[in-house]
Amino acid sequence: MLLPEAYSKIFTHIVSLMVKNEIKKIREGEISIIIQPKKKGVKISKIKYFHNIKYNDEKTDENTHAYYRHAEGRRENILTAVLYEDDNHRLSKGSKERYSALWNILNLLGAHEYEGHGIYNYRDEDKTHNKAYKHQMHHSTWENTTHFYKEEIKRGYEQNKNN
Numbered sequence: 329m330l331l332p333e334a335y336s337k338i339f340t341h342i343v344s345l346m347v348k349n350e351i352k353k354i355r356e357g358e359i360s361i362i363i364q365p366k367k368k369g370v371k372i373s374k375i376k377y378f379h380n381i382k383y384n385d386e387k388t389d390e391n392t393h394a395y396y397r398h399a400e401g402r403r404e405n406i407l408t409a410v411l412y413e414d415d416n417h418r419l420s421k422g423s424k425e426r427y428s429a430l431w432n433i434l435n436l437l438g439a440h441e442y443e444g445h446g447i448y449n450y451r452d453e454d455k456t457h458n459k460a461y462k463h464q465m466h467h468s469t470w471e472n473t474t475h476f477y478k479e480e481i482k483r484g485y486e487q488n489k490n491n
């Protein structure tokens with residue numbers, strides 16, 4: 329598994345190809361990374377890695393693959409990719425599938441998180457999260473995403489239809 333800082337640089341570069349200079353609107357102009365163990369019955373540590381510094385992240389849960397938080401009292405918006413470890417401290421199968429293709433990264437972090445939640449402000453609180461799913465499924469990147477990823481997003485959309 330790569331260091332969190334390496335994932336941040338890779339993901340930031342990929343998403344910046346889509347959003348250009350808008351990437352500067354997120355904290356330090358970089359996508360934040362959380363790497364969490366994915367073990368049943370084990371409390372997940374909420375540690376955020378950023379520029380070789382560890383500090384507690386404000387909020388995430390074990391079903392989240394990425395999220396966008398608006399500044400609301402902070403100076404900067406935060407775009408975070410969440411990757412899970414398997415029992416051998418390697419990247420989990422799901423995280424590999426999700427983040428191994430350029431188009432998946434652009435669609436998840438760019439279309440769903442940055443545009444859907446960041447620009448259009450779709451969110452659970454006002455029952456518009458399903459619109460972020462619709463947006464990403466109609467985005468130009470969707471056609472080139474992997475089969476695994478498409479199925480995962482379709483399941484997420486079905487679970488959030490009324491949200």
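The sequence shown begins at 329 in my numbering and counts up one residue at a time.
From the three backbone atoms N, C-alpha and C, an ideal C-beta is built for every residue, glycine too.
Check your understanding: So what does DSSP say about L437, is it helix, strand or coil?
Key -> Mapped onto the sequence shown, residue 437 falls at position 109. In this structure, L437 counts as helix in the three-state DSSP scheme.
Point to revise | Nearest to H457 (by Cα), restricted to the options Y396, K478, N416 | key: Position 129 of the sequence shown, counted from the first residue, corresponds to residue 457. Per the Cα distances, Y396.
Review point. Cα separation between S423 and H393?
Key: Numbered from its first residue, the sequence shown carries residue 423 at position 95. Numbered from its first residue, the sequence shown carries residue 393 at position 65. Using only the alpha carbons, I get a separation of about 8 Å.
**Study point:** Terminal residues of the alpha helix (DSSP H) in which E334 lies
**Key:** As a working note, residue 334 is residue 6 in the sequence shown. One detail in the question is off: residue 334 reads as Ala in this sequence, not Glu. Counting along the chain, the alpha helix (DSSP H) containing A334 begins and ends at 332 to 347.
Point to revise | Spatially closest choice to V347 from K455, L407, P365, G484, by CA coordinates | key: Here residue 347 refers to the residue found at position 19 of the sequence shown. Closest by alpha carbon: L407.
Practice item. Count the CB pairs spanning the stretch 444 to 460 and the stretch 471 to 480 that are closer than 8 Å, and state whether there are at least three. Key: no
Check your understanding: Is DSSP giving R397 helix, strand or coil here?
Key -> Against the sequence shown, residue 397 aligns to sequence position 69. Here R397 sits in strand by DSSP.
Point to revise | Cβ pair H467, N435 closer than 8 Å | key: The count along the sequence shown starts at 1 and reaches residue 467 at position 139. The count along the sequence shown starts at 1 and reaches residue 435 at position 107. Yes, the pair counts as a contact, with Cβ atoms nearer than the cut-off.
Review point. If you follow the beta strand (DSSP E) that A409 is part of, which residue opens it and which one closes it?
Key: The residue you call residue 409 lines up with position 81 of the sequence shown. Note, A409: beta strand (DSSP E), 406 to 413.
Check your understanding: Looking at the structure shown, is I359 part of a helix, part of a strand, or coil, going by DSSP?
Key -> As a position in the sequence shown, residue 359 is number 31, starting the count at 1. Of the three classes helix, strand and coil, the one that applies to I359 here is coil, per DSSP.
Check your understanding: On the three-state DSSP scale, how would you describe K382?
Key -> Taking the sequence shown and counting its residues from 1, the one referred to as residue 382 is at position 54. Here K382 scores only 30 on pLDDT, less than 50, and its place in the model is too uncertain to base an answer on.
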